[in-house]
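There are 2 protein chains.
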Amino acid sequence: MTSRSERRALVVGTGLIGGSLGLALRAQGWRVSGWDLDETRAKAAVERGVLDAVGDDLGADVAFVATPVSTVAAVARRLLDDPGRRPDLVVTDVGGVKAPVVAVVDHPRFVGGHPMAGSEQLGLDGADPGLFAGAAWVLTPTPTTDLAAFERLRTVVTALGADVVVLPPEDHDRLVAVVSHVPHLVAATLVNAAADDAVHDAALLRLAAGGFRDMTRVAAGHPGIWPDVCTDNADAIVAAFDRVLAELGAMRDRVATGDREGLLGALRRASAARRQLPARGARPARLTELRIPVPDRQGVLAEITSLAGTLGANIYDIGIAHSAEAAQGILLLVVDAGDAGGLRDALADRGYHCTVQELS
Amino acid sequence: MTSRSERRALVVGTGLIGGSLGLALRAQGWRVSGWDLDETRAKAAVERGVLDAVGDDLGADVAFVATPVSTVAAVARRLLDDPGRRPDLVVTDVGGVKAPVVAVVDHPRFVGGHPMAGSEQLGLDGADPGLFAGAAWVLTPTPTTDLAAFERLRTVVTALGADVVVLPPEDHDRLVAVVSHVPHLVAATLVNAAADDAVHDAALLRLAAGGFRDMTRVAAGHPGIWPDVCTDNADAIVAAFDRVLAELGAMRDRVATGDREGLLGALRRASAARRQLPARGARPARLTELRIPVPDRQGVLAEITSLAGTLGANIYDIGIAHSAEAAQGILLLVVDAGDAGGLRDALADRGYHCTVQELS
Chain G
63 MTSRSERRAL VVGTGLIGGS LGLALRAQGW RVSGWDLDET RAKAAVERGV
113 LDAVGDDLGA DVAFVATPVS TVAAVARRLL DDPGRRPDLV VTDVGGVKAP
163 VVAVVDHPRF VGGHPMAGSE QLGLDGADPG LFAGAAWVLT PTPTTDLAAF
213 ERLRTVVTAL GADVVVLPPE DHDRLVAVVS HVPHLVAATL VNAAADDAVH
263 DAALLRLAAG GFRDMTRVAA GHPGIWPDVC TDNADAIVAA FDRVLAELGA
313 MRDRVATGDR EGLLGALRRA SAARRQLPAR GARPARLTEL RIPVPDRQGV
363 LAEITSLAGT LGANIYDIGI AHSAEAAQGI LLLVVDAGDA GGLRDALADR
413 GYHCTVQELS
Chain V
63 MTSRSERRAL VVGTGLIGGS LGLALRAQGW RVSGWDLDET RAKAAVERGV
113 LDAVGDDLGA DVAFVATPVS TVAAVARRLL DDPGRRPDLV VTDVGGVKAP
163 VVAVVDHPRF VGGHPMAGSE QLGLDGADPG LFAGAAWVLT PTPTTDLAAF
213 ERLRTVVTAL GADVVVLPPE DHDRLVAVVS HVPHLVAATL VNAAADDAVH
263 DAALLRLAAG GFRDMTRVAA GHPGIWPDVC TDNADAIVAA FDRVLAELGA
313 MRDRVATGDR EGLLGALRRA SAARRQLPAR GARPARLTEL RIPVPDRQGV
363 LAEITSLAGT LGANIYDIGI AHSAEAAQGI LLLVVDAGDA GGLRDALADR
413 GYHCTVQELS
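Chains G and V, in that order, give the protein sequences. Heads up: the first sequence runs through residues 63 to 422, numbered per our numbering. Heads up: the second sequence runs through residues 63 to 422, numbered per our numbering.
Listed below in structure tokens is the structure:
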């Protein structure tokens, strides 16, 4: 662990996310260097306190690539392949689709990342050091991910106040299609349908009450990122879209046929599910910590987090404690108390024998 | 005009809307009587200050029927047909679908109403005297509506802080299908799709960021009113749903075929339209008042407001000034300055010659 005064980070791309990252890291005492393709914006980033300096820093030990998705892989690869940099440099990105970039970069010290915050505003002007507080921040280790690199990145992200969610890249992409990509496209479609009608019915917009405004707020965001997102995650989006379209067709038919019971059932189910949606950053009342001695080798992390995912066990915190012997570490997993027993047994089946401790 | 101390209102049904109405009316000095099928709730309404007293008031000059939609017509008709009441009693309701109830009640002193506020909460506990401030409140006069009755109701509703929108009942139903009913059913469907996936992927709910929460908030509301709404407004909902489904299918195909330009175009259009959505209660910078001498007879109001609707002219305010001779009144319409000339010409074609005055 380096001392506080020595921590140095690189932020490439100083838009909303890169800018917020710079502010948040500097607030924690990091020295932050970086650049932007738009040199004017890079200079503005220094003026706004986002960067200590425009330019490279070969001594940085964490690099955040916050450039447009199409350029992330090339930038990340260039950083990782540069022999002049620290051999333990960990590189991450902030893009909304993970499997393609993780597959292309394919490096033990690249960990895909996706802070789920601030997508509706664009640009340095919206940069906010508190943007990540309480927000989900997905990290997507793979079987080749270096455990120590992952752990350093996770510590940094957690310190920014984010709620780290560990998922295989493909799972991330499938789930964000359901809770983000398809809803965004649906919101845009609802706005366009209303706008079409408003041409003939000026009163329509006056009837757009709070519910419609809430539903369509995301559609006001900058559309620029979406062609890339929809290209990179096309399969998952189409699959989720087709399921939603089928369910929408069923809902439409319930109205057309006067199926009052069917309507009531679907709406009751939705009301209950929406009320159960946990508040941002909410945790269950009872948590349990599993301490799992693991060999300090690639693949262990992905194996165990994927196993937890398969069992439906939500990982609320994750950490690694290294033992005196370099070859062995302790993986710490914090899960819902109700999931701990099943996960312990499944781990034992795979040769991992852990200790279990209830947290207060 | 009765003096302030004499104003007496009847509120039938003391749920969220009826309760809020009682509080708001009493805050303006009205004496409010009323009842609820649930006698416990009616008593609670008195305790909460919603009603002055549980019971009827034959001297009330305005009655708000805030009961479940299926009972509105019978309650309204009973009030209007009661020879013991004031002969100028005006009756209105607060339901979300207007054409069926207006057709069934079919009375010169019944004016359909729809305050577009607070649909997500249910019950007296959510009652709030400020619920209607700045909210759109649709009134749906017909060719048989009594002008004086309409005007008295409009004055009361405006005094509660609402933004009165005058529409034919069928237009109301068609427009709310687009901006309220279909979006609500879509929100419920998105929640159900996510809930289905969350059974297998506990992490999904942690990825449900602000956008998804905003989009689905309405789905948390009480489902009880929706079977009636969907039955009463089935045709308009199905028509709007089919258009939205067709546009959703097109959006899905843009993703499936990698049509980046098509996606960008649709999302740009939505972003621009959403940004142009006026803030709640917003008015254009320049307004013009039309003063239209009209015979004091049924049908004039519906004729002129429908004409404005046909021309796409948004009516921001409406009022009636009665002249000394009972047979003639002056209808005051406030519209966007850009719409005033066209409306004046169209009125002249129908024999209404108005004076036009720019408002500051």
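Even for Gly, the Cβ is constructed at its ideal location relative to N, Cα and C.
Check, Outcome
"Which residue's Cα is closest to the Cα of P162 of chain G: G:T204, G:F126, G:L142, G:L151?", "G:T204"
"Could you check how far apart the C-beta atoms of T206 of chain V and P149 of chain V are, in whole angstroms? I think they sit under 8 Å.", "No, T206 of chain V and P149 of chain V are not in contact; Cβ-Cβ is about 17 Å, not under 8 Å."
"Taking 8 Å as the limit between beta carbons, can you name the residues of its chain near V227 of chain G, skipping five residues before and five after?", "A198, W199, V200, L201, I377"
"Locate the alpha helix (DSSP H) running through P162 of chain V, then write down its first and last residues.", "161-167"
"Please report the straight-line C-alpha distance between S132 of chain V and I287 of chain V, rounded to a whole angstrom.", "10 Å"
"With 8 Å as the limit, tell me which residues of the stretch 199-232 of chain V have their beta carbon closer than that to any beta carbon of chain G; keep them in chain order.", "V200, D225, V227, L229"
"Could you spell out where the beta strand (DSSP E) holding V200 of chain V opens and where it closes?", "198-202"
"So, under 8 Å CB-CB, A128 of chain V and V218 of chain V are touching, yes? Tell me the CB distance rounded to an integer number of Å.", "That pair is no contact at about 14 Å."
"In the DSSP assignment, what residue or residues form a beta bridge with E351 of chain G?", "G:V396, G:Q419"
"So the alpha helix (DSSP H) D263 of chain G belongs to, where does it begin and stop?", "Segment: none, D263 of chain G is in no alpha helix (DSSP H) and carries neither H nor E."
"Between G:E365, G:G371, G:V397, G:A370, which lies nearest to D379 of chain G when the distance is taken from Cα to Cα?", "G:V397"
"Would G371 of chain G be called buried (16 or more neighbouring beta carbons within 10 Å of its own) or exposed?", "buried"
"Could you check the C-alpha separation between L83 of chain G and A256 of chain G for me, to the nearest Å?", "37 Å"
"Hey, would you say the C-beta of L237 of chain G is under 7 Å away from at least one heavy atom of the ligand HEM?", "Within the structure as shown, the ligand HEM is missing, as the structure has no ligands at all."
"Counting only C-beta atoms, is I79 of chain G closer than 8 Å to chain V at any point?", "no"
"Could you tell me which chain G residues have their CB closer than 7 Å to the CB of T278 of chain V, listed as they occur along the chain?", "R336"
"For L409 of chain G, does the three-state DSSP call read helix, strand or coil?", "helix"
"Just reading off the alpha helix (DSSP H) that F126 of chain G is part of, what are its end residues?", "It is not in any alpha helix (DSSP H) - F126 of chain G instead sits in the beta strand (DSSP E) that spans 124-127."
"With a threshold of 16 other CB atoms inside 10 Å of the CB of E351 of chain G, please say whether the residue is buried or exposed.", "buried"
"From the DSSP output, in three-state form, read off H176 of chain V for me.", "strand"
"Is the Cβ of R275 of chain G closer than 8 Å to any Cβ of chain V?", "yes"
"Mind listing the chain V neighbours of V164 of chain G? Cutoff is C-beta to C-beta under 8 Å, in chain order.", "Those do not exist, as V164 of chain G stays about 17 Å from chain V at its closest Cβ, beyond 8 Å."
"Go ahead and label V261 of chain G buried or exposed: buried means 16 or more other beta carbons lie within 10 angstroms of its beta carbon, across all protein chains shown.", "exposed"
"Residues of chain V with CB under 9 Å from V134 of chain G, in chain order?", "The premise fails here: V134 of chain G is roughly 18 Å from chain V at the closest Cβ pair, so nothing lies under 9 Å."
"Among G:E232, G:H246, G:D123, G:S95, which residue has its Cα nearest to the Cα of R214 of chain G?", "G:D123"
"Keeping to the same chain, check which residues put their C-beta closer than 6 Å to that of M178 of chain V; ignore five residues upstream and five downstream.", "A197, A198"
"Does the beta-carbon of D294 of chain V have 16 or more other beta-carbons within 10 angstroms, so that it is buried, or is it exposed?", "buried"
"Would you please verify whether the beta carbon of R171 of chain V is less than 8 Å from any beta carbon of chain G?", "no"
"Taking only beta carbons into account, state which residues of the stretch 119-130 of chain V come closer than 9 Å to chain G, listed in chain order.", "none"
"Under 6 Å Cβ to Cβ from G223 of chain G, same chain only, skipping five residues before and after it: list those, please.", "F194, A195"
"Straight-line CA distance for L87 of chain V to G324 of chain V?", "51 Å"
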